[in-house]
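For reference, the structure is listed below as structure tokens.
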Amino acid sequence: MTHAIERREVALVDLLDRVLAGGVVIAGEITLSIADIDLVRISLRALIASVRMEDEDEHRAPPGRPPP
Numbered sequence: 018m019t020h021a022i023e024r025r026e027v028a029l030v031d032l033l034d035r036v037l038a039g040g041v042v043i044a045g046e047i048t049l050s051i052a053d054i055d056l057v058r059i060s061l062r063a064l065i066a067s068v069r070m071e072d073e074d075e076h077r078a079p080p081g082r083p084p085p
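First residue of the sequence shown? That's 18 in this note's numbering, and the numbers climb one at a time after it.
Below you can see the structure in the form of structure tokens.
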């Protein structure tokens with residue numbers, strides 16, 4: 018049984034709009050080593066979101082507390 022996968026083209030602008038609307042967290046680690054000796058270790062974390070989304074999150078009250 019063969020299932021056909023529907024192919025849809027998505028514009029880069031539409032993809033970027035979805036990412037910014039929901040937000041994305043990117044995390045990664047880089048380790049530079051020579052002869053199994055770690056010389057440099059870099060940990061990266063980035064939050065990519067629209068300013069409007071972040072602003073709305075700041076005004077949201079934690080559970081059990083009244084809004085500011």
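Each residue gets a CB set at the ideal place from its N, CA and C atoms; glycine is no exception. Quick caveat, the model's predicted, so the values are computed rather than measured.
Host alpha helix (DSSP H) of residue 38 (start-end): 29-39
Cβ-Cβ distance between residue 67 and residue 38 below 9 angstroms: Using a Cβ distance threshold of 9 angstroms, residue 67 and residue 38 count as a contacting pair.
Endpoints, the beta strand (DSSP E) within which residue 55 is located: 54-65
Candidates 34, 25, 30, of which the one nearest residue 69 by Cα: For the residues 34, 25, 30, the minimum Cα distance to residue 69 belongs to 34.
Beta-bridge pairing of residue 47 - partner residues as DSSP gives them: 59
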